[in-house]
Amino acid sequence: MSVSVFASPTSWIESDALDQCHQVAALDGMIHVAGMPDLHPGKGAPIGAAMRSTVLYPFLVGSDIGCGIAVFPIRLKRADPEKLARKFPDLDYSPEPDDPAWSHVEAEIPAGHRAHIGTVGRGNHFVELARVDKVLDPVHAARLGLSRGDLVLIVHSGSRGLGERILRAHTEVHGAGPAGDPDAYLKAHDEAVRWGSLNRRLMAARVALALGAAPADPIVDECHNLVEVRDGAYLHRKGAARGDGRDVLVAGTRGTPSYLIAAHAGEEAGYSVAHGAGRKMSRADALRRGKAKHTVDELRRTPVGSVVVCGDRQLLFEEAPTAYKRIEQVIGDLTAHGLATPVAVTIPLVTYKTAATGRRS
Numbered sequence: 006m007s008v009s010v011f012a013s014p015t016s017w018i019e020s021d022a023l024d025q026c027h028q029v030a031a032l033d034g035m036i037h038v039a040g041m042p043d044l045h046p047g048k049g050a051p052i053g054a055a056m057r058s059t060v061l062y063p064f065l066v067g068s069d070i071g072c073g074i075a076v077f078p079i080r081l082k083r084a085d086p087e088k089l090a091r092k093f094p095d096l097d098y099s100p101e102p103d104d105p106a107w108s109h110v111e112a113e114i115p116a117g118h119r120a121h122i123g124t125v126g127r128g129n130h131f132v133e134l135a136r137v138d139k140v141l142d143p144v145h146a147a148r149l150g151l152s153r154g155d156l157v158l159i160v161h162s163g164s165r166g167l168g169e170r171i172l173r174a175h176t177e178v179h180g181a182g183p184a185g186d187p188d189a190y191l192k193a194h195d196e197a198v199r200w201g202s203l204n205r206r207l208m209a210a211r212v213a214l215a216l217g218a219a220p221a222d223p224i225v226d227e228c229h230n231l232v233e234v235r236d237g238a239y240l241h242r243k244g245a246a247r248g249d250g251r252d253v254l255v256a257g258t259r260g261t262p263s264y265l266i267a268a269h270a271g272e273e274a275g276y277s278v279a280h281g282a283g284r285k286m287s288r289a290d291a292l293r294r295g296k297a298k299h300t301v302d303e304l305r306r307t308p309v310g311s312v313v314v315c316g317d318r319q320l321l322f323e324e325a326p327t328a329y330k331r332i333e334q335v336i337g338d339l340t341a342h343g344l345a346t347p348v349a350v351t352i353p354l355v356t357y358k359t360a361a362t363g364r365r366s
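Numbering (the working numbering), first residue to last: 6 to 366.
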């Protein structure tokens, strides 16, 4: 029942998040809890943690099973953020049956769950057109086929209502307790993980076609809400990406860089790495402070010159860059602890959160 946090003394880690790590460590069957440098409090369990146990706890994965971040190369003749922002499809609605994006993904939808397929959702989910600003490790970047100046689509979303349905079916019977039938939960869980990946690929195809580009396969697609059976135990990840020889996009914010890393985390870190900058403000605090400092128009153009597509005024404030930790600190901690090698830095051009007011594709 041990806890390790992979953050430097100067990193912002809330005491509530540490308390949650120790509360989880006290659960029956828990072996080890590893906190990432983006660690922050969640609903009943910390976000930014890998938790290894002999007992399967669905609440440690949460409702958005299969949530993850994928990166897709995209080629455009010109990358004018204002013009491209107006071309983004409405990702609040599923594509019509005759939408050409369907031809670029597998035909079978996991669990037959068609509701909300091809949509981004709310919260911290987004679809972003970004530019590779710096290459920090040429060897790894070449392996991924990336060079400075290349454009990529970054898609962050999950299983939408499917994961919520799976968790609700568990909690209605068992609450926050262990899975009554681990094999049945894992079967449903695995379908939600596949659904999340399909969802990201469908959205990327929709955006590429809308921008006049050819859809491409992802060069990175890593889930950060999942559980896996490893070495005879259950390794739960909530807001932590698989870090055992994987390439991972660690998301910054809509107004700061993101980092592509080559992850090589070991057992003490739960074979995991951070998935993003991590919140330092609650949504309520971000909304209150943001309204005192910024106008809506100010938040639709970021400090790096990118454009934000978001028709939800409250969401603009809740997801403001100032609500998150410094991504450079998170990446520095991962590197200092030997969990990852930074490969490339991306800068946002257009970040889509939800359709602009009055739009409907």
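Each residue gets a CB set at the ideal place from its N, CA and C atoms; glycine is no exception. Just so we're clear, the structure is a prediction, and the values are computed from it rather than from any experiment.
Check, Outcome
"Just to confirm, are A274 and A55 a CB contact at a threshold of 8 Å?", "yes"
"For the stretch 224 to 233 and the stretch 65 to 85, state whether three or more C-beta atom pairs, one from each stretch, are separated by less than 8 Å.", "yes"
"If you compare alpha carbons, which of A90, V125, P102, R284 is closest to P42?", "R284"
"Using 8 Å as the threshold, is the stretch 344 to 357 in touch with the stretch 298 to 318, meaning 3 or more CB pairs across them?", "yes"
"Taking the C-alpha atoms as reference points, what is the distance between S9 and L81?", "44 Å"
"Could you pull out every residue in the same chain whose Cβ sits closer than 7 Å to the Cβ of I171, ignoring the five residues on either side in sequence?", "I70, A193, H194, A197"
"State the start and end residues of the unbroken alpha helix (DSSP H) segment that holds M208.", "187 to 215"
"Taking A215 as the reference, give the member of P94, S13, G150 with the closest Cα.", "P94"
"Shortest alpha-carbon distance to E133 belongs to which of L191, Q25, G257?", "G257"
"Residues in the same chain with beta-carbon distance under 6 Å from Y239, minus the five sequence neighbours each way, listed in chain order, please.", "S58, L61, V232"
"Confirm, please, whether the CB-CB distance from T346 to D142 is below 8 Å.", "yes"
"In three-state terms, what does DSSP make of E333?", "helix"
"Secondary structure at G4, three-state DSSP: helix, strand or coil?", "Residue 4 lies beyond the stretch modelled for the chain, which goes from 6 to 366, so this question has no answer here."
"Check this for me: beta carbons of D338 and S13, under 8 Å apart or not?", "yes"
"Work out the CA separation of R242 and G166 for me, nearest whole Å.", "19 Å"
"What does DSSP give as the partner residue(s) for D249 in the beta ladder?", "H269"
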